[in-house]
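**Student:** Under the working numbering, the first residue of the sequence shown is numbered 2, with each subsequent residue one higher.
A virtual CB, placed ideally from N, CA and C, is assigned to each residue, including glycine.
This one's a predicted model, so the numbers in the text were calculated from it and none came from an experiment.
Sending over a structure as structure tokens; questions will come in a sec.
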Amino acid sequence: MARLYGWTVGLAKEDLICVPAGIAFGFTNADDTAAAIGKLFCGGAYSRTEETGTREGMSICRLGKEQYAALLIAPLARASFDPDIVVLYGNPAQIMRFVQAWSYQEGNGLSATSAGRSNAPNT
């Protein structure tokens, strides 16, 4: 909604139906969030075993348990707050130009990961 319609959107625990996302956002009381995600991925046939699901869970950026009460999402140009994270969208040519500009400015390249669902690396 933020990307397509330009809306500012708040997202709290009670707004989510995606359990793995709720775990990753810290909206749960799970002590071992990677294992909790791994169990869900295995049970939902997204990973072969709980161990492989847990490895994927460990690679996902996870917020601290009850660290945040909600997330606030907005287009960067309209945000009335300083964002903690910026997500870029673009077609392949636009992303290539962004990476080239980054490399020109910073002197190094960028890397990306993808799992087809939970793509944010834990950095």
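So is R4 buried or exposed if we call it buried at 16+ other beta carbons inside 10 Å?
**Tutor:** Mapped onto the sequence shown, residue 4 falls at position 3. Exposed is the call here.
**Student:** Consult DSSP for G11 and reduce its assignment to one of helix, strand or coil.
**Tutor:** As a position in the sequence shown, residue 11 is number 10, starting the count at 1. Correct three-state label for G11: strand.
**Student:** Roughly how many whole angstroms lie between the Cα atoms of A22 and C43?
**Tutor:** Locating residue 22 in the sequence shown gives position 21, where the first residue counts as 1. Locating residue 43 in the sequence shown gives position 42, where the first residue counts as 1. Their Cα atoms are separated by approximately 15 Å.
**Student:** My output table needs one value for A71: the three-state DSSP class, helix, strand or coil.
**Tutor:** The residue given as residue 71 occupies position 70 in the sequence shown. Correct three-state label for A71: strand.
**Student:** Answer with buried or exposed for S48, where buried requires no fewer than 16 other C-beta atoms within 10 angstroms of its C-beta.
**Tutor:** Translated into positions along the sequence shown, residue 48 becomes position 47. Looking at its Cβ environment, which holds 16 or more other Cβ atoms inside 10 Å, S48 is buried.
**Student:** Only counting the same chain, and skipping five residues up and downstream in sequence, which positions put a Cβ closer than 6 Å to that of T9?
**Tutor:** Against the sequence shown, residue 9 aligns to sequence position 8. These residues qualify, in order along the chain: A75.
**Student:** Does DSSP put I18 in a helix, a strand or coil?
**Tutor:** As a working note, residue 18 is residue 17 in the sequence shown. If DSSP states are grouped into helix, strand and coil, I18 belongs with coil.
**Student:** Indicate whether the contact test is met: 3 or more Cβ pairs, each with one atom in the stretch 91–110 and one in the stretch 67–83, closer than 8 Å.
**Tutor:** Touching, no, given that fewer than three Cβ pairs across the two stretches are closer than 8 Å.
**Student:** For G58, count neighbouring C-beta atoms within 10 Å of its own C-beta (all shown protein chains included) and say buried if the count is 16 or more, exposed if not.
**Tutor:** In the sequence shown, the residue the question calls residue 58 occupies position 57. Buried, since its Cβ has 16 or more Cβ neighbours within 10 Å.
**Student:** With G7 and A71 assumed to form a contact (beta carbons below 8 Å), what rounded beta-carbon distance in angstroms separates them?
**Tutor:** Against the sequence shown, residue 7 aligns to sequence position 6. Against the sequence shown, residue 71 aligns to sequence position 70. Between A71 and G7 the Cβ distance is about 20 Å, and since that is not below 8 Å, they are no contact.
**Student:** Spatial neighbours of L89 within its chain, please: C-beta separation below 7 Å, excluding the five flanking residues on both sides.
**Tutor:** Here residue 89 refers to the residue found at position 88 of the sequence shown. Cβ within range, chain order: F99.
**Student:** Excluding the 5 residues preceding and the 5 following E67 in the sequence, name in chain order all residues of the same chain whose CB lies nearer than 7 Å to its CB.
**Tutor:** Taking the first residue of the sequence shown as 1, we reach residue 67 at position 66. Answer for E67: G27, listed in chain order.
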